[in-house]
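Residue numbers (the working numbering), protein chains in the order written: chain A, 133 to 508; chain B, 122 to 397. Even glycine gets a Cβ: it sits at the ideal position worked out from N, Cα and C.
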């Protein structure tokens with residue numbers, strides 16, 4: 133099994149989860165506000181957002197651990213909005229893993245089947261299969277506190293998968309693991325999902341986690357969904373400044389739209405001498421405020437002005453340099469009262485031989501199609 | 122070889138600490154050691170040692186009043202422990218799980234028996250049972266009902282406090298995980314909550330058992346003429362003279378409680394070892 137990086141057959145047939153008009157209020161605080169969402173069969177769907185954005189509340193409503201204040205949740209075509217958690221065809225891996233400390237690993241994994249009244253020998257067989265699936269074969273007799281954090285997580289995974297749910301929910305599954313294990317676990321979760329073919333819905337605040345694993349991502353903020361898109365689309369075509377800023381790193385240049393026609397937009401940005409020209413299908417209204425969102429790696433940094441025509445160019449002075457190993461990020465002052473522009477450039481040569489250093493005058497340039505113009 | 126200087130945390134190497142420790146042990150255990158030693162004294166008075174004998178044990182075991190009081194005490198302790206443990210655990214769950222109006226007031230009122238002087242509790246119980254006209258002269262285990270009720274009422278808050286403290290460390294996700302795997306609230310309670318509470322339940326039950334077994338004041342006020350418990354009986358015997366017979370009976374009680382506590386602790390230890 134390997135992760136090909138392409139989306140598996142998602143959205144085939146009817147969606148597995150349909151959420152419409154979903155709200156959750158705690159007193160006067162609105163944790164989730166009017167969310168519409170459909171998740172297709174076999175998708176690896178991520179709910180991404182900063183802490184307190186309502187992503188966990190949404191997940192808990194899908195699990196049935198919270199009841200919605202308004203709206204409906206349909207699972208596999210059936211209205212499940214007010215069905216209690218123990219009657220939903222959904223299982224969950226909790227953030228703390230919640231492995232029962234007083235049961236052996238095998239009893240933990242078999243617990244859900246025992247509740248369902250599955251005969252003893254079948255419980256044993258299926259629990260051992262599930263442990264095999266998460267590479268914990270032979271660990272059945274162990275006690276949870278004889279396991280490492282990563283192994284406990286696998287027990288929680290096996291315990292949720294053994295019931296063959298229609299959807300598996302994962303609440304920040306990798307947040308408690310150390311960095312190396314987290315990387316390995318990402319790939320393993322993706323492979324596991326392809327093996328079992330169950331829809332995964334994962335909650336995370338880590339954008340690289342969502343980008344590397346999910347087939348589609350919903351970015352949430354303050355209880356609302358900001359944008360739902362596949363990872364690459366989310367990165368290249370963010371719908372708002374929040375999404376652009378939350379996913380990866382971005383430079384935002386504020387300006388007034390001077391002209392917008394034929395897929396080309398011209399913006400006048402205070403502090404920058406020449407207007408910026410960008411290409412985009414969706415055109416903002418002339419006269420409105422727009423923001424040019426540029427990723428640091430898509431900007432060229434050079435000593436001499438660029439020779440090609442049709443490039444947007446600004447000049448400035450290197451104020452800070454952040455060395456990150458494979459890349460360096462240059463923070464360039466282009467105008468006294470504008471934020472520093474971040475430009476990342478691969479360290480193709482040894483760092484002692486790099487072309488610029490502090491206080492060097494530089495030219496930044498980018499093509500008109502490498503960024504987006506945002507209107508909110 | 123030079124002595125190494127005493128480190129900041131090496132309290133046991135300091136003289137004043139050793140003296141304090143010694144004094145503590147003497148004050149704690151000297152009376153008990155005396156009691157046990159003189160139960161083997163071949164004398165009618167507990168003053169001078171006149172040689173070893175076990176005849177007072179025989180005498181105590183042959184004293185049918187004493188044996189009856191002993192059986193009464195054990196029965197009361199056992200029954201009141203069971204009821205107090207269940208009631209205390211449920212109270213702890215209520216206080217931990219739910220929010221309701223006047224919760225703080227309820228919590229305070231519930232814990233009152235811990236702080237109310239025993240003598241007041243005793244008088245209150247006496248007045249209460251007289252007022253409601255609690256029947257006396259019932260057949261045997263029922264004749265103990267007034268004492269059992271009194272014991273439950275002062276020992277269940279101790280169980281509640283201990284179990285409540287244990288529940289404070291409960292990870293709510295464990296219950297949610299069980300529910301997510303298909304368990305009803307009832308199954309969540311038995312499969313997840315009770316195993317988690319078990320150490321608190323054992324500790325609380327032990328506390329309730331010893332509280333009931335050695336209670337004198339409240340029992341004295343609530344016991345009828347024909348329901349005598351062990352502490353009350355010992356008191357009535359001591360009023361005439363402290364004979365070695367009383368010592369022997371007390372020694373038996375000490376051994377019994379120590380053994381029972383030991384068994385309970387060992388069971389708990391085994392349980393914890395099994396789950397770790």
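For residue 193 of chain A, there are no C-beta contacts with chain B under 7 Å, since the nearest C-beta of that chain is about 13 Å from it. Residues of the segment 292-308 of chain B whose Cβ lies closer than 8 Å to any Cβ of chain A, in chain order: 292, 294, 295, 297, 298, 299, 300, 301, 302, 303, 304, 305 and 308. Listed as beta-bridge partners of residue 466 of chain A by DSSP are no residues whatsoever. The beta carbons of residue 362 of chain B and residue 349 of chain B sit no closer together than 9 Å.
With respect to residue 497 of chain A, residue 411 of chain A sits apart: the two C-beta atoms are not nearer than 9 Å. Using a CB distance cut-off of 9 Å, residue 347 of chain B does not count as an interface residue toward chain A. At the C-beta level, residue 299 of chain A and residue 148 of chain A come within 9 Å of one another. Residue 246 of chain B: member of the alpha helix (DSSP H) spanning 239-253, first to last residue.
By the Cβ-count criterion, residue 468 of chain A is exposed, with fewer than 16 other Cβ atoms from all chains shown falling within 10 Å of its own Cβ.
Across the segment 310-337 of chain B, CB contacts with chain A closer than 7 Å involve 313 and 316, in sequence order along the chain. Contact annotation: residue 351 of chain A and residue 378 of chain A have beta-carbon atoms nearer than 9 Å.
Distance from the CA of residue 369 of chain A to the CA of residue 240 of chain A, rounded to the nearest whole angstrom, comes to 44 Å. Membership of residue 333 of chain B in the alpha helix (DSSP H) is indicated by the continuous run 315-334. Within the segment 148-179 of chain A, no residue has a Cβ lying closer than 7 Å to any Cβ of chain B. Counting C-beta pairs closer than 8 Å gives fewer than three between the segment 244-259 of chain A and the segment 319-339 of chain B, which falls short of the contact rule. Between residue 320 of chain B and the set B:244, B:303 and B:391, the nearest pair of CA atoms involves B:391. Looking at the DSSP output, residue 473 of chain A shares a beta bridge with A:464.
Not a single C-beta of chain B is nearer than 9 Å to the C-beta of residue 413 of chain A. The closest CA to that of residue 289 of chain B, considering only B:270, B:274, B:302 and B:314, is found on B:314. Contact between the segment 305-324 of chain A and the segment 278-287 of chain A is present, with at least three C-beta pairs closer than 8 Å. Beta-carbon to beta-carbon, residue 384 of chain A and residue 408 of chain A are separated by about 12 Å, too far to satisfy the 8 Å threshold. Proximity of chain B to residue 482 of chain A at the Cβ level (cut-off 8 Å) is not reached, the minimal Cβ distance being about 50 Å. By the 16-neighbour rule on beta-carbons within 10 angstroms, residue 303 of chain A is buried. Residue nearest to residue 186 of chain A within the set A:376, A:353 and A:261 is A:353 (criterion: CA-CA distance). Among the residues of chain B, none has a CB under 8 Å from the CB of residue 374 of chain A; the nearest is roughly 30 Å distant. For residue 330 of chain A, the nearest beta carbon of chain B is not closer than 9 Å to its own beta carbon.
The residue among A:422, A:221 and A:193 with its C-alpha nearest the C-alpha of residue 400 of chain A is A:422. The Cβ atoms of residue 234 of chain A and residue 317 of chain B sit closer than 9 Å to each other. Out of A:146, A:316 and A:167, the CA that lies nearest to the CA of residue 154 of chain A is found in A:167. Counting C-beta atoms within 10 angstroms of its own C-beta, residue 172 of chain A has 16 or more neighbours from the protein chains shown and is therefore classed as buried. By the 16-neighbour rule on beta-carbons within 10 angstroms, residue 449 of chain A is exposed. Here residue 339 of chain A carries a helix assignment [DSSP, helix/strand/coil]. Secondary structure at residue 409 of chain A: strand, using DSSP grouped into helix, strand and coil. In this structure, residue 223 of chain A keeps its C-beta atom at 9 Å or more from the C-beta atom of residue 324 of chain A.
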